[in-house]
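To start, the structure under review is shown below, and the notes come after it.
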Amino acid sequence: MREVPVELLVIGAGPAGLAAALSAAKEGCKDIILVDRLNEPGGILPQCIHNGFGLRFFKQELTGPEYAQRFINFLAAYPQVKIKTGTMVIELTRDRLAYTLSSREGLCCYRAQAVILSMGCRERPRGAVNIPGTRPAGIYTAGTIQRLMNIEGYLPGREAVILGSGDIGLIMARRLTLEGVKVRAVLELLPYSTGLTRNIVQCLDDYDIPLYLKHTVTEIYGEKRLAGIKAAPVDDQLQPIKDKVFALNCDTLVLSVGLIPENELSSTAEVTLDPATNGPVVNSLYQTTVPGIFACGNVVHVHDLVDDVSEEGRIAGRAAAAFIREKITPRTGVSVKPGRNIRSVVPQKVLAGETTLYIRAKFPEKDLFLQVGSDRVKQRVVTPGETIRHTINDDKFAKNVPHIAVSLEKGGENHA
Amino acid sequence: MPELTCVICPLGCRLSVTLTPEGVQVSGNSCPRGKAYAIEEITAPKRILTAVIKVKGRDQLLPVRTATVIPKELLFTAMEEIKKLTVTPPVNMDEVVMANLAGTGVDLVATKPVA
Amino acid sequence: MILVAVKETDVLIIGAGIVGAALARELSRYKTRVMIVDKEIDVSFGTSKANSGIVHSGIHDHPGTLKARLCLRGNRLFPELAAKLNFLYKQNGAVIVCRNKEEIPALEKLYDNGKLNGLTGLRRLTKEELLHMEPHLSPDLAAAIYAPSGGTVVPFDMVFALVENAVANGVCLSLLTEVQKIMPGREDFLVQTGQGLIRTAYLVNAAGLHAAEVAGMIKDESFSIYPRKGEEYLFDRKLEGMVHSTVFPLPDKISKGILLIPTVDGNIMIGPTAHRVNSFNELSTSASGWQEVFASAGVLAPFLRPADLIASFAGLRAGSNSDDFIIGPSPVSPRFIHAAGIESPGLTAAPAIAEYLVELLKEAGLKLKEKSDFNPLRPVVRLREFDRETQKQLAAENPAYANIVCRCELVSEGEIRDAVRRGASTLDGVKLRTRSGMGRCQGSFCTPQIIKILGEELKKAPAEITKNGPGSFLLAGWLRNRDEAVAEKEEKLNA
Numbered sequence: 001m002r003e004v005p006v007e008l009l010v011i012g013a014g015p016a017g018l019a020a021a022l023s024a025a026k027e028g029c030k031d032i033i034l035v036d037r038l039n040e041p042g043g044i045l046p047q048c049i050h051n052g053f054g055l056r057f058f059k060q061e062l063t064g065p066e067y068a069q070r071f072i073n074f075l076a077a078y079p080q081v082k083i084k085t086g087t088m089v090i091e092l093t094r095d096r097l098a099y100t101l102s103s104r105e106g107l108c109c110y111r112a113q114a115v116i117l118s119m120g121c122r123e124r125p126r127g128a129v130n131i132p133g134t135r136p137a138g139i140y141t142a143g144t145i146q147r148l149m150n151i152e153g154y155l156p157g158r159e160a161v162i163l164g165s166g167d168i169g170l171i172m173a174r175r176l177t178l179e180g181v182k183v184r185a186v187l188e189l190l191p192y193s194t195g196l197t198r199n200i201v202q203c204l205d206d207y208d209i210p211l212y213l214k215h216t217v218t219e220i221y222g223e224k225r226l227a228g229i230k231a232a233p234v235d236d237q238l239q240p241i242k243d244k245v246f247a248l249n250c251d252t253l254v255l256s257v258g259l260i261p262e263n264e265l266s267s268t269a270e271v272t273l274d275p276a277t278n279g280p281v282v283n284s285l286y287q288t289t290v291p292g293i294f295a296c297g298n299v300v301h302v303h304d305l306v307d308d309v310s311e312e313g314r315i316a317g318r319a320a321a322a323f324i325r326e327k328i329t330p331r332t333g334v335s336v337k338p339g340r341n342i343r344s345v346v347p348q349k350v351l352a353g354e355t356t357l358y359i360r361a362k363f364p365e366k367d368l369f370l371q372v373g374s375d376r377v378k379q380r381v382v383t384p385g386e387t388i389r390h391t392i393n394d395d396k397f398a399k400n401v402p403h404i405a406v407s408l409e410k411g412g413e414n415h416a
Numbered sequence: 001m002p003e004l005t006c007v008i009c010p011l012g013c014r015l016s017v018t019l020t021p022e023g024v025q026v027s028g029n030s031c032p033r034g035k036a037y038a039i040e041e042i043t044a045p046k047r048i049l050t051a052v053i054k055v056k057g058r059d060q061l062l063p064v065r066t067a068t069v070i071p072k073e074l075l076f077t078a079m080e081e082i083k084k085l086t087v088t089p090p091v092n093m094d095e096v097v098m099a100n101l102a103g104t105g106v107d108l109v110a111t112k113p114v115a
Numbered sequence: 001m002i003l004v005a006v007k008e009t010d011v012l013i014i015g016a017g018i019v020g021a022a023l024a025r026e027l028s029r030y031k032t033r034v035m036i037v038d039k040e041i042d043v044s045f046g047t048s049k050a051n052s053g054i055v056h057s058g059i060h061d062h063p064g065t066l067k068a069r070l071c072l073r074g075n076r077l078f079p080e081l082a083a084k085l086n087f088l089y090k091q092n093g094a095v096i097v098c099r100n101k102e103e104i105p106a107l108e109k110l111y112d113n114g115k116l117n118g119l120t121g122l123r124r125l126t127k128e129e130l131l132h133m134e135p136h137l138s139p140d141l142a143a144a145i146y147a148p149s150g151g152t153v154v155p156f157d158m159v160f161a162l163v164e165n166a167v168a169n170g171v172c173l174s175l176l177t178e179v180q181k182i183m184p185g186r187e188d189f190l191v192q193t194g195q196g197l198i199r200t201a202y203l204v205n206a207a208g209l210h211a212a213e214v215a216g217m218i219k220d221e222s223f224s225i226y227p228r229k230g231e232e233y234l235f236d237r238k239l240e241g242m243v244h245s246t247v248f249p250l251p252d253k254i255s256k257g258i259l260l261i262p263t264v265d266g267n268i269m270i271g272p273t274a275h276r277v278n279s280f281n282e283l284s285t286s287a288s289g290w291q292e293v294f295a296s297a298g299v300l301a302p303f304l305r306p307a308d309l310i311a312s313f314a315g316l317r318a319g320s321n322s323d324d325f326i327i328g329p330s331p332v333s334p335r336f337i338h339a340a341g342i343e344s345p346g347l348t349a350a351p352a353i354a355e356y357l358v359e360l361l362k363e364a365g366l367k368l369k370e371k372s373d374f375n376p377l378r379p380v381v382r383l384r385e386f387d388r389e390t391q392k393q394l395a396a397e398n399p400a401y402a403n404i405v406c407r408c409e410l411v412s413e414g415e416i417r418d419a420v421r422r423g424a425s426t427l428d429g430v431k432l433r434t435r436s437g438m439g440r441c442q443g444s445f446c447t448p449q450i451i452k453i454l455g456e457e458l459k460k461a462p463a464e465i466t467k468n469g470p471g472s473f474l475l476a477g478w479l480r481n482r483d484e485a486v487a488e489k490e491e492k493l494n495a
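Chains as they are written, first to last, in the numbering used here: chain A, 1 to 416; chain B, 1 to 115; chain C, 1 to 495.
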């Protein structure tokens with residue numbers, strides 16, 4: 001099959017891919033193809049009609065569609081970036097051969113000098129949380145409900161229960177309520193919500209929607225369409241307390257139980273994944289372990305701010321352009337070693353120069369110190385739902401140390 | 001004595017608000033932004049409203065937002081007006097699709113262009 | 001399919017599960033008028049779609065029974081049938097393992113049983129040979145038997161293929177058609193259904209869970225049926241290759257045990273449980289069922305982790321008061337043939353049960369003349385199975401095959417539309433025919449598009465589209481009043 005040569009292939013035209021393509025174009029890359037399987041660019045943003053995007057990047061609180069449109073407008077000035085929507089990459093190899101399918105162009109084969117992975121993530125489905133009971137209609141993940149309502153224009157149901165108090169679940173609680181759906185409760189397994197406090201206030205408190213912390217769904221019932229769920233508080237081992245089970249009638253169950261980076265293509269391209277993030281291991285330039293393949297955005301790790309996604313895209317785009325231009329073998333960098341109360345750190349490998357680390361805690365704590373190598377920063381409060389950002393800017397790190405230890409230490413403890 | 005959680009920063013300070021003849025007294029805040037937030041939340045809470053509206057002749061709905069915050073107590077009244085609204089394409093980004101939404105004096109604007 | 005006041009046919013098959021479907025296809029070789037009815041909105045939507053999909057070797061069955069004879073014969077018919085009808089099947093072999101040395105005598109008995117049933121190719125495996133063949137199984141397993149003729153099939157895919165081919169060859173299919181009353185005449189039966197009356201010379205009772213009820217309609221109480229539930233749990237495709245053959249423990253009194261099933265599509269499935277339940281509608285999965293299945297399967301396959309689970313489901317077997325299949329003419333009427341209580345190895349036996357039923361119909365007086373234009377083939381497009389060149393060609397000929405709707409399983413818009421034209425009228429009907437919604441994201445991504453396509457193909461509003469039949473509405477309606485848009489479209493159509 002004929003291989004079409006391309007300088008840069010960016011897979012996924014959500015906020016990460018848009019920023020990466022823009023950055024590569026600005027750095028002089030002459031031939032960029034940006035593909036997306038949806039029919040419009042923007043990724044998940046067009047369906048995120050709520051505001052809260054871009055406070056860092058644009059110093060404004062934009063809605064999702066507005067944030068996407070900004071980047072789409074920026075890209076209009078760079079004709080060397082060709083955006084191909086309705087196009088899916090069905091295979092990617094380690095040596096950067098990509099097969100795409102689209103109704104407009106059929107099956108195509110590209111040989112790219114560099115590839116940027118920006119495929120975002122998928123939602124954890126019901127099967128993965130293994131809720132017993134029947135399998136009626138009316139059970140949807142939050143993102144699907146969001147698409148059904150905001151893009152397709154459907155009313156999914158009339159009475160809902162939401163499982164999971166992460167931001168997506170909270171946002172949909174408000175959205176459903178404003179459209180006349182009775183949201184009976186939000187259930188959260190953990191003793192705390194992973195969503196922003198602002199969303200608890202503006203999505204639940206504003207509408208008197210009860211939040212049941214330390215609760216889970218123990219059963220789904222209803223033969224053809226959902227009739228209700230059974231819920232129960234959980235003990236410290238997260239197991240339901242059987243004699244406290246109660247029923248909640250509803251015809252819609254919204255699952256907001258986690259996001260999983262979508263790394264099918266990364267795996268076929270033999271990119272090494274980090275089990276802590278389910279995303280590729282990357283260095284400060286967002287290079288993966290495969291030369292010429294870069295990754296940015298939610299495909300690397302789940303972000304809470306789209307601004308960070310754009311920043312990663314910017315770095316990856318610039319690095320990919322440099323790789324195409326200079327054809328240098330990339331350096332891997334010094335490994336980060338996650339320690340106490342650290343779930344993940346991205347990038348996993350640090351090069352000399354400035355690197356912003358995105359750090360996630362495992363559990364909430366107050367009055368801590370963030371220890372990054374020999375840097376020590378006070379942290380008043382950490383929660384797993386909010387990323388901790390720390391910029392290191394010290395050549396020392398890359399040269400003299402075997403690894404950079406990152407941990408959250410209790411206040412008053414001294415670790416030099 | 002009303003209590004509320006501040007949303008300005010991740011600290012989430014628990015604020016106590018008292019209405020006195022001298023004015024509003026706020027305690028529990030760690031910074032002045034929290035105080036300002038509490039005063040507004042107690043006296044006249046406001047919110048941005050985002051929604052979708054029908055576009056004539058098209059299947060896809062158009063996302064919209066209030067240009068600025070509107071009184072929280074008018075959100076559902078505003079939604080009733082929004083549900084009845086239809087716009088005719090083309091629509092430009094930031095175009096006013098309905099002026100003075102629900103009598104708030106605030107415009108409803110498009111957040112996406114429609115060709 | 002809409003029926004007129006009284007539809008006439010020669011053979012009426014009640015039930016479009018695997019047995020009814022296999023018989024319909026078999027009868028479609030002949031110039032006889034055949035009708036097949038089912039009370040559900042789609043074929044296989046009773047027990048068959050929840051079947052484990054095992055094509056049994058026949059090692060388990062009691063020698064001399066119908067089960068033994070028809071299982072062996074059915075197993076041998078699978079490869080050719082699958083090739084002609086293009087349903088998903090693979091002959092991956094079966095291993096029956098001993099969890100410890102104490103089980104070895106029972107294993108030997110099973111081996112002997114297999115020989116008695118006429119199985120060829122059976123091999124005894126030592127612990128080392130077993131682990132060489134299946135390196136990811138538990139090293140504590142003591143010994144095994146390998147049965148090369150074992151296989152796996154996608155059971156609903158097989159039902160769809162059989163029915164489509166039967167219909168293409170002239171069989172009449174009527175869905176949402178529940179049999180309510182049967183009035184036997186001297187030479188025929190008048191059957192009252194929810195969709196009208198049918199007059200038929202011969203009746204075949206393949207009504208699965210409701211076979212005893214159907215028999216009761218002519219006052220035949222020669223057998224009883226009770227539901228026995230089985231739960232199954234499906235793991236992520238990334239475990240593909242960890243197990244090659246279907247792995248059985250030794251059977252117990254109730255069932256063949258909890259198995260490790262490498263499905264044709266590359267998932268590992270574990271199950272089923274086997275517990276009698278009180279209702280014919282009891283289809284829930286349970287925490288205890290999961291614990292039972294995971295504990296049992298974990299003994300065989302220590303690599304299984306709950307984090308890799310992607311889906312679970314349950315189904316009901318039609319258990320009966322007989323140890324064997326109940327196949328034969330009703331004692332009340334010789335032209336009313338039962339194919340009831342078809343439990344394991346029913347799926348495997350189905351092609352052979354169909355042959356046997358044709359013999360029984362002949363014995364009951366049905367005259368059969370072969371069609372010269374019988375077409376045994378059923379072509380189907382599965383984009384993901386084609387090589388790149390074929391995919392390129394297909395996409396060029398029809399761009400709908402290049403528009404991917406289900407990204408996890410690589411299913412195109414063309415295949416989804418094909419599925420509706422092949423008989424799907426629900427989300428599950430599309431899902432089971434194409435695999436869309438059965439992958440990693442379990443339909444999160446593709447469901448909105450499939451609802452749209454179903455609406456377009458069936459000329460229905462999205463709020464009318466169901467998951468699997470009446471009552472299972474996917475949506476409550478439109479978010480905004482659509483009157484204007486609808487009125488506009490109608491204007492355009494009428495102009």
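Cβ coordinates follow ideal geometry from the N, Cα and C atoms, glycine included.
Just mark residue i as buried or exposed, buried being the case when its beta carbon has 16 or more other beta carbons within 10 Å.
| i | result |
| --- | --- |
| P89 (chain B) | exposed |
| H62 (chain C) | exposed |
| I328 (chain A) | exposed |
| I241 (chain A) | exposed |
| V245 (chain A) | exposed |
| M269 (chain C) | buried |
| C446 (chain C) | buried |
| M1 (chain A) | exposed |
| S44 (chain C) | buried |
| G34 (chain B) | buried |
Beta-carbon separation of residue i and residue j under 8 Å?
| i | j | result |
| --- | --- | --- |
| Y110 (chain A) | E3 (chain A) | yes |
| A421 (chain A) | G373 (chain A) | No statement about residue 421 (chain A) is possible, as the shown extent of chain A runs from 1 to 416 and does not include it. |
| L250 (chain C) | C98 (chain C) | yes |
Show which residues of chain B have a CB atom less than 8 Å away from the CB atom of residue i.
| i | result |
| --- | --- |
| N490 (chain A) | Any question about residue 490 (chain A) goes unanswered here, given that chain A covers just 1 to 416. |
Are there any heavy atoms of the ligand MG lying less than 7 Å away from the beta-carbon of residue i, as far as the coordinates show?
| i | result |
| --- | --- |
| L72 (chain C) | In the structure on display, the ligand MG does not appear, and there are no ligands present to speak of. |
Applying a beta-carbon distance threshold of less than 9 Å, which residues of chain A neighbour residue i?
| i | result |
| --- | --- |
| G477 (chain C) | Y154 and L155 |
Give every residue of the same chain whose Cβ lies closer than 6 Å to the Cβ of residue i, excluding the five residues on either side of it in the sequence, and list them in chain order.
| i | result |
| --- | --- |
| T177 (chain A) | V183 and Y207 |
So which residues of chain A does residue i contact, with C-beta pairs closer than 7 Å?
| i | result |
| --- | --- |
| T5 (chain B) | T197 and V201 |
So which residues of chain C does residue i contact, with C-beta pairs closer than 9 Å?
| i | result |
| --- | --- |
| M1 (chain A) | R388, E389 and K392 |
| K224 (chain A) | T466, K467, N468, G469, P470, G471, S472 and F473 |
Got a sec? Which residues, its chain only, sit under 7 Å from residue i by beta carbon, not counting five neighbours each side?
| i | result |
| --- | --- |
| A106 (chain C) | L250 |
| R120 (chain B) | Given a span of 1 to 115 for chain B in the structure shown, any question on residue 120 (chain B) remains unanswerable. |
| E343 (chain C) | R317, A318 and G319 |
Along chain B, which residues have their Cβ under 7 Å away from the Cβ of residue i?
| i | result |
| --- | --- |
| T63 (chain A) | T50, P63, R65 and T111 |
Which same chain residues end up closer than 8 Å to residue i when comparing Cβ atoms and leaving out the 5 residues on each side of it in sequence?
| i | result |
| --- | --- |
| Q202 (chain A) | R174 |
| V381 (chain C) | L394, Y401, G414, E415 and D418 |
Please list the partners that residue i has in chain A, where partner means a Cβ-to-Cβ separation under 8 Å.
| i | result |
| --- | --- |
| F313 (chain C) | R135 |
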